[in-house]
Amino acid sequence: MMARPARALLVGLAVVGAGIVVAALRVNQYVYFAGYVVLQYVVIATAWNILGGYAGYVNFGTPAFFALGAYTAVFLIQSTRAPLPVLILAGGLVSALLGLGIGYLTLRLRGVFFSIATLALSIVLQTMIINWEYVGGSRGLSVIRPSGPPFGSYVTFLFTVMVLLSVVAVTVARFIERSWIGRGLAALRDNEEAAECMGVPTLRLKLFATTVSGFLLGVAGAPFPYYVTFVEPNSAFNLDYAVNALAMPMIGGTTSWVGPVIGAVLLGTAQQLATVTISSEMNLFIVGVVLVAFVVLAPEGILGLVRRLRGR
Amino acid sequence: MVAGLLLGGFYAAVSLGVSLIFGLLDIANIAQPAFVILGSYAAYVMNSSFGLDPILTGLLFTPVFYFLGAVVYRLYYGSFERRGDESLRGLVFFFGVLFIIEVSLSLKYGVDYRLVDAAYIGKSIDLGGVGIAFRLLVPCLVGLAMTLALHLFLSRTFYGRAVMAVSQDRLALRLMGADPVQIKTIAFGVGIAAASLAGALLITIAPVVPSTDRDYIGRMFAITVLGGMGSVAGTLVAAVILGVAESLMATFFGPSWSLAVSFGILLVVLAVRPAGLFGR
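If you read the protein sequences in the order shown, they are chains A and B.
Residues in the first sequence are numbered consecutively from 1, following this note's numbering.
Residues in the second sequence are numbered consecutively from 1, following this note's numbering.
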């Protein structure tokens with residue numbers, strides 16, 4: 001039994017190592033710039049899937065958690081100029097608290113109502129940020145990157161940080177999926193009443209899922225101010241995050257940790273290419289079409305397609 | 001206050017479609033606001049190229065929207081409802097539809113504000129010292145007419161009653177020899193057709209961009225839930241409450257807070273009394 005976690009740890013370290021090597025290569029800066037976005041989506045999609053895929057609660061409020069992480073970071077930069085690891089941890093914790101809050105919402109709201117409530121949450125939070133001048137209000141705020149990153153340029157440094165974060169996110173998701181927690185979540189996804197009757201602690205599991213999911217979404221958002229160097233509500237609360245967080249796991253497959261990673265890498269890369277070659281609106285159009293096509297034609301995602309092909 | 005009341009009549013018009021589709025048919029059509037915006041753009045195009053009255057356009061386009069709605073429902077039914085996993089994936093499906101409509105519009109018409117021109121826009125009448133702008137009054141009246149029409153449709157016509165029956169007991173309806181899928185197609189079509197008219201009203205009140213739909217997601221669902229899921233009278237009452245609350249909020253705290261009202265109401269209602277004011 002010891003061999004498996006050890007191997008997973010080794011794979012994780014290898015990926016981080018590869019990330020550092022890539023960062024050290026100093027190819028065109030744009031590669032890191034785009035790579036950061038793709039990796040950020042790996043974290044977001046994985047985090048969304050812990051709640052949406054494993055537990056079956058569709059969260060439309062991804063932008064709320066992401067932006068909360070980002071704005072926590074902005075607040076700390078403004079007030080104390082805290083270092084990046086502190087920002088990431090704090091962003092994650094604040095978003096985790098919000099996650100805990102929506103976890104209690106699941107007591108009364110199931111299915112569609114939960115999803116609409118999360119969407120509402122996102123808009124309410126955005127309105128509050130717009131009216132909060134200290135973090136830039138509606139006009140936004142310029143953030144100055146700290147001088148002298150530990151290595152390379154600041155973008156390559158952030159890229160490496162994101163590699164690390166996505167490995168952490170995927171590891172957490174994988175751990176949850178393989179443990180009794182994942183089985184409990186799957187049970188409540190299929191039938192909450194039945195799961196409760198069988199002695200599955202549904203409330204505790206849901207709270208756990210929403211909190212962890214919130215934490216990881218906040219973590220994904222925390223480095224965002226340093227990445228864009230200009231934070232304003234419309235970009236931080238962008239609905240694109242909600243659509244992508246949904247689309248990526250749906251395309252990859254929601255029942256396994258591999259699914260969101262596949263979806264995020266494929267869709268994220270495609271979007272980056274489309275943004276450069278066509279236009280950013282066209283890339284959103286593609287996301288929408290691909291999302292609808294997948295839910296209609298291949299509800300199990302790419303993983304499901306692969307499984308079906310193997311089965312034959 | 002008066003503006004809020006008038007706004008309420010208009011909000012009722014916008015929410016009727018959701019009330020019908022989500023409240024009665026139990027289909028989480030969160031793409032409804034996108035259909036409303038589509039209606040706005042139809043009104044804009046007809047107005048700017050032929051000088052057609054926006055509300056007339058909205059009326060003329062209802063068959064087109066009805067057909068569109070029927071097609072979307074058939075697709076939804078074939079892909080999700082028949083397989084029995086409608087709630088989760090259906091929700092994602094409609095979210096995708098919302099996104100496709102919004103992005104298509106911004107690809108075609110850009111993200112500039114679009115508005116329409118009609119004889120009554122810009123004029124106002126004076127009622128006992130309170131000036132009432134026609135651009136608010138007309139949508140309110142049309143909204144009230146739509147509410148009445150839907151109420152009559154549901155309570156007096158055969159198909160309307162069948163829709164009520166579908167929402168109560170699908171199996172019983174099937175046993176009575178009616179086809180629930182056909183009834184639901186009709187109801188969904190009517191809901192989307194209402195969006196055509198609502199969109200025309202929307203662009204009469206204020207200029208529209210493709211992303212305006214996002215502001216209305218919260219309003220529509222807040223009104224539908226507050227009104228008690230599919231109750232026509234409840235929708236109207238809830239719409240007026242929201243309209244007044246929003247305009248009071250805008251007066252006292254500034255317009256940037258008014259959007260939070262609908263979502264705030266929605267969150268509170270969902271958390272405290274999910275059945276709404278007129279819940280069954």
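Glycine residues also receive a C-beta, built at the ideal position from the N, C-alpha and C atoms.
Could you please give the first and the last residue of the uninterrupted alpha helix (DSSP H) stretch that includes residue i?
i	result
Tyr30 of chain A	Gln29 to Asn49
Ile302 of chain A	Gly301 to Gly311
Glu232 of chain A	It is not in any alpha helix (DSSP H) - Glu232 of chain A carries neither H nor E in the DSSP assignment.
Ser283 of chain B	Residue 283 of chain B lies beyond the residue range present for chain B, which begins at 1 and ends at 280; the question has no answer from this structure.
Ala169 of chain A	Tyr154 to Arg178
Ile21 of chain B	Element bounds for Ile21 of chain B: n/a, residue is neither H nor E.
Leu52 of chain B	Unbroken run through Leu52 of chain B: none, as it is neither H nor E.
Gly243 of chain B	Val232 to Phe253
Gly160 of chain B	Phe158 to Gln168
Pro249 of chain A	Leu239 to Gly252
Ala222 of chain B	Asp213 to Leu226
Glu81 of chain B	Looking at the DSSP string, Glu81 of chain B is not in any alpha helix (DSSP H), and its letter there is neither H nor E.
Thr210 of chain A	Thr202 to Gly221
Ala264 of chain A	Val258 to Thr277
Gly52 of chain A	Gly52 of chain A -> no alpha helix (DSSP H), and no H or E assigned at all.
Leu25 of chain B	It is not in any alpha helix (DSSP H) - Leu25 of chain B carries neither H nor E in the DSSP assignment.
Phe65 of chain B	Thr62 to Tyr76
Ala195 of chain A	Glu192 to Cys197
Please name the residue in the options whose C-alpha comes closest to that of residue i.
i	options	result
Val45 of chain B	B:Leu6, B:Ala239 and B:Lys108	B:Lys108
Val58 of chain A	B:Phe263, B:Arg89, B:Arg156 and B:Val103	B:Arg89
Pro54 of chain B	B:Val237, B:Ala200 and B:Leu226	B:Ala200
Met164 of chain B	B:Met229, B:Val237, B:Val97 and B:Gly39	B:Met229
Ser40 of chain B	B:Leu60, B:Glu246 and B:Gly218	B:Leu60
Ser15 of chain B	B:Asp117, B:Ser231 and B:Arg74	B:Ser231
Ala206 of chain B	B:Val116, B:Arg74 and B:Gly78	B:Val116
Val200 of chain A	A:Leu188, A:Asn283 and A:Thr277	A:Leu188
Leu20 of chain B	B:Gly69, B:Ile203 and B:Ile100	B:Gly69
Tyr36 of chain A	A:Phe114, A:Val155, A:Leu309 and A:Val21	A:Val155
Ala106 of chain B	B:Arg161, B:Ala239, B:Ile37 and B:Ala238	One detail in the question is off: residue 106 of chain B reads as Ser in this sequence, not Ala. Checked all of B:Arg161, B:Ala239, B:Ile37 and B:Ala238; the closest Cα to Ser106 of chain B is B:Ile37.
Met248 of chain A	A:Val86, A:Pro299, A:Met198 and A:Val276	A:Pro299
Gly111 of chain A	B:Leu7, B:Val272 and B:Asp26	B:Asp26
Ala355 of chain A	A:Leu207, A:Ala222 and A:Thr46	With chain A running from 1 to 312 in the structure shown, residue 355 of chain A is simply not present.
Ser258 of chain B	B:Phe35, B:Ala245, B:Ala198 and B:Leu270	B:Ala245
Met249 of chain B	B:Gly264, B:Val18 and B:His151	B:Gly264
Leu99 of chain B	B:Arg74, B:Thr57, B:Ala31 and B:Tyr76	Before going on, a small fix: residue 99 of chain B reads as Phe here, not Leu. Checking every option, the nearest Cα to that of Phe99 of chain B belongs to B:Ala31.
Val172 of chain A	A:Thr211, A:Leu76, A:Phe237 and A:Asp190	A:Thr211
Val295 of chain A	B:Tyr77, B:Leu270 and B:Gln182	B:Tyr77
Val15 of chain A	A:Glu177, A:Ser166 and A:Ala209	A:Ser166
Tyr104 of chain A	A:Ala209, A:Ala293, A:Tyr241 and A:Gly304	A:Ala209
Gly143 of chain B	B:Thr224, B:Met1 and B:Leu7	B:Leu7
Met162 of chain A	A:Ile88, A:Asn28, A:Val94 and A:Val231	A:Ile88
Ser138 of chain A	A:Ile129, A:Pro146 and A:Val287	A:Ile129
Gly136 of chain A	A:Pro225, A:Gly17, A:Arg108 and A:Tyr30	A:Pro225
Taking the DSSP output, what are the residues bridged to residue i?
i	result
Arg81 of chain A	Answer is none; Arg81 of chain A lacks a bridge partner.
Arg114 of chain B	B:Val208
If you measure from the CB of residue i, is any heavy atom of the ligand ATP nearer than 7 Å?
i	result
Thr185 of chain B	Because no ligand of any kind appears in the structure shown, any question about the ligand ATP cannot be addressed here.
With 8 Å as the C-beta to C-beta threshold (strictly closer), list the residues of the region 105-131 of chain A near chain B in chain order.
Cβ contacts with chain B come from Leu105, Arg108, Leu109, Gly111, Val112, Phe113, Ser115, Ile116, Ala117, Leu119, Ala120, Leu121, Ile123, Val124, Thr127, Met128, Ile130 and Asn131.
Just by C-beta distance, which residues in the region 14-44 of chain B are closer than 7 Å to chain C?
Judged by its chain identifiers, the structure shown contains no chain C, and its protein chains are A and B.
Which ranges does the beta strand (DSSP E) cover as unbroken runs of at least 3 residues, wholly within the region 99-151 of chain A, from first to last along the chain?
Counting only runs of at least 3 residues, the region 99-151 of chain A fully encloses no beta strand (DSSP E) element at all.
Chain B contacts from the region 228-242 of chain A (Cβ-Cβ distance under 7 Å)
Leu239
With 7 Å as the limit, tell me which residues of the region 196-220 of chain B have their beta carbon closer than that to any beta carbon of chain A; keep them in chain order.
Arg214, Ile217 and Gly218
Residues of the region 56-70 of chain A in Cβ contact with chain B at a cutoff of 8 Å, in chain order, please.
Gly56, Val58 and Phe60
Closer than 9 Å between beta carbons: that is the criterion. Which residues of the region 222-236 of chain B meet it against chain A?
Listed by position along the chain: Ala222 and Val225.
By the 8 Å beta-carbon criterion, what residues does the region 283-294 of chain A contribute toward chain B?
Cβ contacts with chain B come from Leu284, Phe285, Val287, Gly288, Val289, Leu291 and Val292.
Relative to chain A, which residues along the region 97-112 of chain B have a C-beta separation below 7 Å, given in chain order?
Val97, Phe99, Ile100, Val103, Ser104, Ser106 and Leu107
Pull out every residue of the region 165-193 of chain A whose Cβ sits closer than 8 Å to any Cβ of chain B, in chain order.
Against chain B - using a Cβ distance shorter than 8 Å - the region 165-193 of chain A contributes no residues.
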